[in-house]
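Worksheet for the structure shown next.
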Amino acid sequence: MIRTASRQLLSAGKSLKAATPAELAALGGAGGGRGLAASAGDTSRTIVASLPDLPYDYGALEPVVSGEIMQLHHAKHHAAYVAGYNKAAEQLDAARGKGDTETVVSLQRAINFNGGGHVNHSIFWKNLAPISEGGGAPPEGPLAAAIDAQFGSLDALIAKFSAAGAGVQGSGWVWLGLNDRKKLAIVTTPNQDACVTTGHVPLLGVDVWEHAYYLQYKNVRPDYLKNIWKIINWKDVASRYTAAS
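Residue 1 is where the sequence shown starts when you use the numbering used here, and the numbers rise one by one after that.
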């Protein structure tokens, strides 16, 4: 399913624009396709993106991430990806209607960048939880066993994941994903490339664009990556692992 989703959602012939619900589920993992809906009665299955509500208040992740950062990140940055995707998708529809192949091809960058930004952030918000609601509580069950088996311990995974995130040049994401062999892997993606472009189902993603942390952590990304573990929602990560296994 993951390779099918990757091909269909990110190819020049389809992208996120013509995705089916099953493909969106594969792209975003458990619940990752929420915020993308097919227009009623539209036989072309046009996908329209919408900004999802956060499952907590803007200030709920403090002191790890400030309410100011969360409000700007969600209401401005994520909203901009949604608007950019919808605009490009509308232009793509028009170009396809005219048989304008050159424009169809030229719009793929905007579709993938903004669509990827929307999908990535929709996963990210659910991967986090306030400390008072279980954020930071270590994983249990099959996911915990898989982490111990493959990385030796949760601390070892955290160290490797944080190092990978700190090493991302410029802007991007660091992910814990599941490959075709049902093995966990830490991968990174540049800009807003979706995790599926690496051939992995996304389980946990951390945004390392400066807009995710700069107002609070300045240019010290490693400090942000050290503290983010205090609010990781391992229950959400575990549910994605179970769904993909």
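Glycine residues also receive a C-beta, built at the ideal position from the N, C-alpha and C atoms.
- By the Cβ-count criterion, arginine 109 is exposed, with fewer than 16 other Cβ atoms from all chains shown falling within 10 Å of its own Cβ.
- Each residue's CA atom was taken as its position, placing serine 171 and leucine 157 some 22 angstroms apart.
- For the segment 46-82, the continuous beta strand (DSSP E) assignments of 3+ residues that do not extend past its boundaries occur at 47-49, in sequence order.
- Given a length threshold of 4 residues, each whole run of the alpha helix (DSSP H) inside the segment 78-145 is given here in chain order: 79-98, 101-106, 108-126.
- Contact between leucine 184 and valine 237 is absent: CB atoms are separated by about 10 angstroms, not below the 8 angstroms threshold.
- Here the C-alpha atom of proline 138 lies approximately 28 angstroms from the C-alpha atom of proline 190.
- Per DSSP, the unbroken alpha helix (DSSP H) holding isoleucine 158 starts and ends at 154-166.
- Inclusion of leucine 225 and histidine 200 in the CB contact set at 8 angstroms is not warranted, their separation being larger than that value.
- Around the Cβ of aspartate 207, a 10 Å sphere holds 16 or more other Cβ atoms; the residue is buried.
- Contact check for valine 104 and leucine 92: beta-carbon distance about 6 angstroms, within the 8 angstroms limit, so the pair qualifies.
- Residue range 234-244 is occupied by the alpha helix (DSSP H) that includes alanine 243.
- Under DSSP, no beta-bridge partner is assigned to alanine 194.
- The Cβ-Cβ distance between tryptophan 175 and cysteine 195 falls below 8 angstroms.
- Inter-residue distance for aspartate 223 and alanine 159 is about 12 angstroms (C-alpha atoms, whole angstroms).
- Taking the Cβ atoms as the reference, glycine 136 lies roughly 6 angstroms from isoleucine 232, within the contact range of under 8 angstroms.
- Less than 8 angstroms divides the Cβ of isoleucine 186 from the Cβ of phenylalanine 161.
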